[in-house]
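Number of protein chains: 2
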Amino acid sequence: MLLKVVVWLLATSAVLAFDWTEFRMERKYKDYLQKRSYYLAEEEDRSVGSDIELTAKEQIVNERLMALKRKELAEGLENPAGFIPWNHMFDVLNRINSSEIFDILRRMPKGGILHAHDTALCSTDYVISLTYEPNLWQCTDPETGALSFKFSREAPTNTETCQWTSVAAERTKLGEENYNSGLRSQLSLYTTDPINHNRDVDSIWRQFMGIFGVNDGLLSYAPIWKAYYKQFLKEMMEDGVQYLELRGTLPPLYDLDGKTYHEEEILHIYQDATREFKQENPTFIGAKFIYAPVRVVDDAGLPALMDKVRELHEQYPNFMAGFDLVGQEDKGRPLIDFSKEILGLPDSINFFFHAGETNWNGLTDDNLIDAVLLGTKRIGHGYAVLKHPRVLKQVKRDKIALEVCPVSNQVLRLVADMRNHPGAVLLANKEYPVVISSDDPSFWEAKPLTHDFYMAFLGLASERQDLRLLKQLAINSIKYSAMTPLEKMNAMRLWEAEWKKFIEELSA
Amino acid sequence: MLLKVVVWLLATSAVLAFDWTEFRMERKYKDYLQKRSYYLAEEEDRSVGSDIELTAKEQIVNERLMALKRKELAEGLENPAGFIPWNHMFDVLNRINSSEIFDILRRMPKGGILHAHDTALCSTDYVISLTYEPNLWQCTDPETGALSFKFSREAPTNTETCQWTSVAAERTKLGEENYNSGLRSQLSLYTTDPINHNRDVDSIWRQFMGIFGVNDGLLSYAPIWKAYYKQFLKEMMEDGVQYLELRGTLPPLYDLDGKTYHEEEILHIYQDATREFKQENPTFIGAKFIYAPVRVVDDAGLPALMDKVRELHEQYPNFMAGFDLVGQEDKGRPLIDFSKEILGLPDSINFFFHAGETNWNGLTDDNLIDAVLLGTKRIGHGYAVLKHPRVLKQVKRDKIALEVCPVSNQVLRLVADMRNHPGAVLLANKEYPVVISSDDPSFWEAKPLTHDFYMAFLGLASERQDLRLLKQLAINSIKYSAMTPLEKMNAMRLWEAEWKKFIEELSA
Chain A
1 MLLKVVVWLL ATSAVLAFDW TEFRMERKYK DYLQKRSYYL AEEEDRSVGS
51 DIELTAKEQI VNERLMALKR KELAEGLENP AGFIPWNHMF DVLNRINSSE
101 IFDILRRMPK GGILHAHDTA LCSTDYVISL TYEPNLWQCT DPETGALSFK
151 FSREAPTNTE TCQWTSVAAE RTKLGEENYN SGLRSQLSLY TTDPINHNRD
201 VDSIWRQFMG IFGVNDGLLS YAPIWKAYYK QFLKEMMEDG VQYLELRGTL
251 PPLYDLDGKT YHEEEILHIY QDATREFKQE NPTFIGAKFI YAPVRVVDDA
301 GLPALMDKVR ELHEQYPNFM AGFDLVGQED KGRPLIDFSK EILGLPDSIN
351 FFFHAGETNW NGLTDDNLID AVLLGTKRIG HGYAVLKHPR VLKQVKRDKI
401 ALEVCPVSNQ VLRLVADMRN HPGAVLLANK EYPVVISSDD PSFWEAKPLT
451 HDFYMAFLGL ASERQDLRLL KQLAINSIKY SAMTPLEKMN AMRLWEAEWK
501 KFIEELSA
Chain B
1 MLLKVVVWLL ATSAVLAFDW TEFRMERKYK DYLQKRSYYL AEEEDRSVGS
51 DIELTAKEQI VNERLMALKR KELAEGLENP AGFIPWNHMF DVLNRINSSE
101 IFDILRRMPK GGILHAHDTA LCSTDYVISL TYEPNLWQCT DPETGALSFK
151 FSREAPTNTE TCQWTSVAAE RTKLGEENYN SGLRSQLSLY TTDPINHNRD
201 VDSIWRQFMG IFGVNDGLLS YAPIWKAYYK QFLKEMMEDG VQYLELRGTL
251 PPLYDLDGKT YHEEEILHIY QDATREFKQE NPTFIGAKFI YAPVRVVDDA
301 GLPALMDKVR ELHEQYPNFM AGFDLVGQED KGRPLIDFSK EILGLPDSIN
351 FFFHAGETNW NGLTDDNLID AVLLGTKRIG HGYAVLKHPR VLKQVKRDKI
401 ALEVCPVSNQ VLRLVADMRN HPGAVLLANK EYPVVISSDD PSFWEAKPLT
451 HDFYMAFLGL ASERQDLRLL KQLAINSIKY SAMTPLEKMN AMRLWEAEWK
501 KFIEELSA
């Protein structure tokens with residue numbers, strides 16, 4: 001009995017002495033921390049890359065890469081103006097190119113480029129090297145100072161606005177360095193002039209379209225056309241990219257004998273070159289072509305255009321992956337203008353429409369609705385897609401991949417700070433299929449794909465997105481390509497072999 | 001029989017002559033157009049404002065307003081650099097202020113301001129007028145050139161970095177115009193210097209915080225403190241705003257007799273002034289206070305801070321609406337640092353946490369997760385919220401209103417082109433509760449709320465969002481306020497009366 005009383009007294013005093021408020025607080029705090037980890041886990045689960053499980057070796061590479069990324073972020077928090085994705089890429093290009101992250105991303109097998117344009121591909125150095133070819137003439141527009149080129153055995157006929165002189169002679173006259181640097185400034189938008197930061201979208205597009213004008217006469221010379229394309233495949237492979245879906249306008253080509261090459265023949269050149277390149281490069285996956293004429297066609301020209309699409313599709317049912325329309329969306333005709341004709345095309349023709357490459361809301365961006373309703377397989381850019389919940393629903397349901405081109409969107413003035421790019425939201429939600437692409441890398445002195453991967457990784461992605469994101473983006477570029485299931489299997493095999501090599505090298 | 005044959009022949013030839021391909025095409029096209037209208041309708045249904053049905057008179061006002069909006073958009077498509085929301089507001093302030101849209105929005109009863117800070121409210125003209133009060137002294141920091149003010153019967157004691165002179169004497173010495181323009185430049189961030197476009201967030205925040213330093217000695221003089229607050233209520237009412245939830249740090253006030261006024265007394269001043277103002281202005285709804293000290297408190301100071309929150313809550317259970325923490329999120333302590341103490345506060349204290357006022361992704365923006373887990377009633381800014389799907393889910397589920405402050409986010413360098421503001425996405429999805437607010441209108445020479453409504457209407461909203469959006473935003477500011485249900489009913493009654501007057505005037 002005494003024992004019982006003693007035990008009871010001890011127990012009571014223990015209970016009384018116990019701080020229940022403190023205990024409840026601790027429990028409340030633990031609950032909060034646990035819920036917090038659930039929130040973080042749920043967001044991580046939803047983010048692009050979360051389906052990937054890294055191997056032990058991949059984890060080694062990941063740790064190396066993430067240490068570099070975290071360092072960049074920590075420095076960015078300290079000094080926001082030094083954070084690369086905050087800057088205009090032109091102002092930090094040297095810093096990017098000499099960074100270790102860039103080096104790793106360059107070596108990383110990134111799959112394919114699904115959004116790039118025919119004459120905006122190769123390095124500027126290569127384009128300049130083409131102007132050393134014989135029989136090349138140039139003239140300078142007296143008003144704009146814009147260069148034009150033409151290959152010809154004799155000097156082409158002068159017009160009032162175009163006095164042809166030999167490129168070789170001009171280069172001698174100005175001095176090689178001088179000449180080449182002048183030419184370079186006309187072949188890309190690259191400049192570190194701060195005025196560039198405050199340009200509007202129309203102003204930069206005018207200059208951008210001008211470049212297509214400058215290199216047109218140079219590249220549409222048939223022998224060069226093929227060389228240029230093969231050169232890009234080479235540069236692309238060197239940049240860790242094994243597959244290409246090329247959008248092209250198929251402009252008439254010419255040669256020294258006065259022959260004009262039309263659409264079918266140009267497609268033939270592309271197909272031939274692709275085959276040759278594949279023979280020379282066994283790790284190359286392949287290439288397909290998306291016929292993408294400019295969206296300024298008038299109604300009278302529409303039937304002929306659609307006939308051309310049908311013909312090319314019949315002649316190249318596999319190599320020609322589909323149809324698109326290009327040019328500045330804000331200024332060109334909207335998709336709805338073409339919709340009736342597009343609906344008349346055979347079901348076997350796939351669409352890869354540019355849509356929503358704009359900052360407008362309820363105007364140009366309505367192309368997103370039309371693209372989806374016309375059955376597009378992917379959306380070019382889709383920069384405005386977050387403003388269209390009905391389109392997002394369909395994108396998710398039908399797995400319509402969004403071709404996100406971060407550098408293009410910054411250079412062409414849709415966004416300044418990369419962290420404001422809507423792709424950041426897409427990368428946080430894996431139900432939206434995303435591929436990263438480069439659009440016109442030649443025109444901003446970018447590598448075929450690495451600069452865009454760099455911006456996606458450091459500017460768009462969360463601090464927590466890592467090698468798994470990058471691997472998923474590479475896989476997405478095959479998954480959402482226009483390849484057949486069999487082609488995709490083969491592509492995956494070729495990409496995986498490269499990926500394995502990359503991981504071996506970097507984890508060694 | 002012959003007749004039958006003739007009918008049969010006619011019928012067959014009609015069937016044969018009928019163009020079935022054309023017929024099928026027409027049907028396909030009609031289907032497409034119908035689906036298109038469904039898509040547009042679904043997006044319109046989801047957008048903020050779609051629940052409102054306009055009366056005949058409201059429709060008249062709407063047509064007038066929308067004609068003006070469509071004109072701005074059409075001109076913007078023609079000349080993107082001229083489109084106001086593309087520009088930094090400082091560069092287009094005169095154009096905004098003299099525009100008819102602005103005039104209509106200014107007159108429109110906009111409900112309440114739910115996000116604004118104590119000493120960043122009144123027009124600069126008014127603040128300058130305060131410096132004409134007697135007994136005011138100033139000193140200039142020899143290093144930064146920053147002014148400090150102090151009211152005192154005698155010249156305050158000089159220190160090494162602060163030599164006090166009389167403001168009246170300085171003004172005479174420099175000339176009134178000269179003096180006032182120098183002062184003005186220290187009271188707001190306003191400048192049309194293009195260098196402003198390329199500043200980073202830390203740099204602008206340093207200048208921004210500096211303004212609080214300049215006006216501190218001026219405004220924390222007790223008699224002026226009250227006058228400043230009442231002046232803002234007046235400016236707010238003139239700007240079509242009838243209700244205020246003020247965030248304040250409750251800094252110590254002083255007077256000429258050396259008395260220091262502490263938190264309770266300052267809250268008392270606010271409450272008194274609010275009552276007085278209500279008596280003088282029957283259409284004024286009221287005001288509440290959110291205690292929002294700066295987030296730089298150290299751990300040692302935390303318990304005292306929390307005690308203060310409890311005390312103020314007990315003393316002002318209705319007037320003090322709740323608790324928040326302020327200051328540059330990227331530099332201050334994250335919410336998780338305060339979480340344990342915050343969880344210890346009584347359940348009756350509401351939270352209105354700043355969270356996600358940043359461009360970072362997976363860093364500072366994690367405050368959004370903590371804000372929601374700590375049970376915040378609204379989120380201050382939430383600029384980064386789209387990058388957090390789990391937070392978005394909770395925002396939708398618990399109707400946690402996002403306090404979107406477009407002008408603040410542009411001036412403080414989170415976004416350049418307003419059309420990239422994440423609020424555009426929120427306004428496209430009415431399941432996310434949104435209110436528009438102004439943060440620190442005094443520091444960017446903005447009206448209490450109209451400039452933010454202007455940017456929301458022209459920069460964030462779709463071309464298709466109209467008066468219904470604006471009406472919904474006004475209603476939201478009452479719906480998501482900290483008022484009791486009874487107070488909200490009364491508020492709606494007072495706002496509706498003003499709205500009716502506005503519609504009568506504008507539709508006349």
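Residue numbers (UniProt numbering), protein chains in the order written: chain A, 1 to 508; chain B, 1 to 508. For each residue, glycine too, the CB sits at the ideal point set by N, CA and C. Since the structure is predicted, the reported quantities are computational estimates derived from the model, not experimental observations.
Neighbouring residues, chain A, relative to residue i (Cβ below 8 Å)
i, result
"B/S462", "N361, G362 and K387"
"B/P194", "N198"
"B/M25", "K340, L343 and G344"
Any C-beta of chain A under 9 Å from that of residue i
i, result
"B/D398", "no"
"B/S148", "no"
"B/I336", "yes"
"B/K377", "no"
"B/Y29", "yes"
"B/V6", "no"
"B/Y454", "no"
"B/Y190", "no"
"B/L73", "yes"
"B/Q465", "yes"
Beta bridge counterpart(s) of residue i as assigned by DSSP
i, result
"B/L147", "B/T140"
"B/F323", "B/Y291 and B/F351"
"B/S166", "B/W137"
"A/Y261", "A/L253"
"A/G286", "A/Y243"
Within chain B, the residues that residue i reaches when beta carbons sit closer than 8 Å
i, result
"A/V201", "P80"
"residue 515 of chain A", "In the structure displayed, chain A extends from 1 to 508; residue 515 of chain A sits before or after that span and is not available."
"A/W86", "D200 and N359"
Amino acids of chain B, ordered along the chain, whose beta-carbon sits closer than 7 Å to that of residue i
i, result
"A/H197", "H197 and N198"
"A/N420", "N359, V415 and N420"
"A/R390", "Y39, E42 and E43"
"A/V425", "L386 and K387"
Candidates the options, of which the one nearest residue i by Cα
i, options, result
"B/R247", "B/I478, B/D330, B/L121 and B/S188", "B/L121"
"residue 525 of chain A", "A/Q315, A/A482 and A/F212", "Absent from the structure is residue 525 of chain A, since the part of chain A shown begins at 1 and ends at 508."
"A/L460", "B/E170, B/K387, B/S437 and B/K500", "B/K387"
"B/A428", "A/L412, A/R413 and A/R390", "A/R390"
"B/S181", "B/V127, B/C162 and B/D202", "B/V127"
"A/Y270", "A/F212, A/K430, A/R64 and A/L312", "A/L312"
"B/K110", "B/T157, B/T159, B/L244 and B/E44", "B/L244"
"B/L267", "B/M306, B/V294, B/G301 and B/E314", "B/E314"
"B/A304", "B/F338, B/T274 and B/R275", "B/F338"
Residue i at chain B interface by Cβ criterion, 9 Å
i, result
"A/A371", "no"
"A/P303", "no"
"A/A355", "no"
"residue 529 of chain A", "Chain A is shown from 1 up to 508; residue 529 of chain A falls before or after that span and cannot be answered."
Contacts that residue i makes with chain A (C-beta to C-beta distance below 7 Å)
i, result
"B/L470", "Correct list: empty, because the minimum Cβ distance to chain A is about 16 Å."
"B/N429", "P389"
"B/Y32", "S339, L343 and L373"
Within chain B, the residues that residue i reaches when beta carbons sit closer than 9 Å
i, result
"A/L77", "D330, K331, W360, L363 and T364"
Beta-carbon neighbours of residue i, restricted to chain A and to distances below 9 Å
i, result
"B/R46", "P389 and R390"
Validate contact between the segment 395-415 of chain B and the segment 425-438 of chain A using beta carbons, cut 8 Å, 3 pairs: no
Segment contact, 8 Å Cβ cut-off, at least three pairs: the segment 112-128 of chain A with the segment 220-235 of chain A: yes
Cβ pair count under 8 Å reaching 3, the segment 183-191 of chain B against the segment 256-267 of chain B: no
The segment 192-209 of chain B touching the segment 74-92 of chain B, judged by at least three CB pairs closer than 8 Å: yes
Cβ pair count under 8 Å reaching 3, the segment 444-460 of chain A against the segment 402-415 of chain A: yes
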